[in-house]
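Undergrad: Throughout the sequence shown, residue numbering follows our numbering, covering 17 to 190 in sequence.
Don't be surprised by glycine CBs; every beta carbon is placed ideally from N, CA and C.
Owing to the predicted nature of the structure, the values given are computational and were not obtained by experimental measurement.
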Amino acid sequence: MPAPINKDKTPLAAVPHEQCWAKTTADGLPGVGVAPHCRNVGYVARALLEAMPRCARELFPDGTVALAAAHDIGKISPEFQAQCTAWREAHGVKGLSLLKGDRAASTQCTLRKHVPEKWAQVAGAHHGKIKPPNAGHKDWNEERERLLSSCSLSSSGRPRVWSCSEAHSDCELR
17 MPAPINKDKT PLAAVPHEQC WAKTTADGLP GVGVAPHCRN VGYVARALLE AMPRCARELF
77 PDGTVALAAA HDIGKISPEF QAQCTAWREA HGVKGLSLLK GDRAASTQCT LRKHVPEKWA
137 QVAGAHHGKI KPPNAGHKDW NEERERLLSS CSLSSSGRPR VWSCSEAHSD CELR
């Protein structure tokens with residue numbers, strides 16, 4: 017899928033994932049960033065698992081918290097980011113020709129390189145349904161990979177730990 021383009025036909029270049037929003041404010045401005053949003057979801061997933069009786073907790077495979085945390089990495093995509101007018105203006109994007117993007121497919125595409133296909137499908141399907149493969153945009157894929165790099169993988173290839181060192185130096189999600 018080609019990236020959204022500016023009026024002068026140049027593709028919308030990738031931006032660091034730290035500049036990508038996941039949630040907007042009530043007045044339509046970029047609010048919570050993708051990385052903090054993913055960490056917050058990971059914290060909630062960890063708290064829910066810890067609140068369960070051990071017999072129920074053991075039903076969840078190693079990496080469940082990390083997978084929950086990585087659920088929205090597909091929001092690091094030009095189509096998703098360009099939905100916010102204030103973000104476009106802040107990044108100098110003018111005359112944008114928006115193509116319909118799919119953050120769920122981008123999530124699946126990135127995760128399928130790291131986890132079993134069913135895991136990638138679960139993460140992407142939280143947006144509604146399992147998506148067909150989507151190669152995404154190379155430079156934006158690199159930013160998604162950079163965010164995922166803080167997620168350690170076990171020898172089985174399943175995500176094990178989501179490190180949140182930038183928020184709390186002593187915090188890990190297991």
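Nearest-angstrom Cα distance between H33 and A42?
TA: Walking along the sequence shown from the start, residue 33 turns up at place 17. Walking along the sequence shown from the start, residue 42 turns up at place 26. Answer to the nearest angstrom: the Cα atoms are 22 Å apart.
Undergrad: If we ignore side chains and look at the alpha-carbon of each, how far apart do D186 and P148 end up?
TA: Counting from one through the sequence shown, the residue named residue 186 turns up at place 170. Counting from one through the sequence shown, the residue named residue 148 turns up at place 132. Note that D186 scores a pLDDT of 34, beneath 50, so its modelled location is shaky; the value from the coordinates is reported in the next line. Roughly 38 Å between the two C-alpha positions.
Undergrad: Which residues in the same chain have their Cβ closer than 6 Å to the Cβ of H142, if we skip the five residues on either side of it in sequence?
TA: On the sequence shown, residue 142 is found 126 positions in, with the first residue counted as 1. For H142, where only same-chain residues beyond five positions count, the Cβ hits under 6 Å are H87.
Undergrad: Just to confirm, are L83 and V31 a CB contact at a threshold of 8 Å?
TA: Position 67 of the sequence shown, counted from the first residue, corresponds to residue 83. Position 15 of the sequence shown, counted from the first residue, corresponds to residue 31. Their beta carbons are not under 8 Å apart, which means L83 does not touch V31 by this criterion.
Undergrad: Name the residue from G108, H107, E105 and I146 whose alpha carbon lies nearest to the alpha carbon of R119.
TA: If you number the sequence shown from 1, residue 119 lands on position 103. When each option's Cα is compared against that of R119, the closest is I146.
Undergrad: Tell me, which residues are paired with A126 by DSSP?
TA: Your numbering for residue 126 matches position 110 in the sequence shown. First, the residue type needs correcting, since residue 126 is Thr and not Ala in the sequence shown. DSSP, once it has assigned bridges, lists no residue as partnering T126.
Undergrad: Closest to E66 by CA distance: which of H53, V81, C54 and Q97 is it?
TA: The residue given as residue 66 occupies position 50 in the sequence shown. The shortest C-alpha separation from E66 is found at V81.
Undergrad: With distance defined between alpha-carbon atoms, name the residue in S122, V138, E133 and G140 nearest to K154.
TA: Here residue 154 is taken as the residue at index 138 of the sequence shown, counted from 1. If we check each option's Cα against that of K154, S122 comes out closest.
Undergrad: As an exercise, report each continuous alpha helix (DSSP H) stretch of at least 4 residues that is fully enclosed by the region 52 to 112, in chain order.
TA: DSSP runs (the alpha helix (DSSP H)) wholly in the region 52 to 112: 70 to 73, 80 to 85, 94 to 97 and 101 to 106.
Undergrad: Find out if the Cβ-Cβ distance for the pair W103, P46 is shorter than 8 Å.
TA: Translated into positions along the sequence shown, residue 103 becomes position 87. Translated into positions along the sequence shown, residue 46 becomes position 30. Yes, these two residues count as a Cβ contact at 8 Å.
Undergrad: Among L164, A29 and Q137, which residue has its Cα nearest to the Cα of P94?
TA: For this step, residue 94 is matched to residue 78 along the sequence shown. Of the candidates L164, A29 and Q137, the one whose C-alpha sits nearest the C-alpha of P94 is A29.
Undergrad: So is R73 buried or exposed if we call it buried at 16+ other beta carbons inside 10 Å?
TA: Start at 1 with the first residue of the sequence shown, and residue 73 comes out as number 57. Burial call: exposed.
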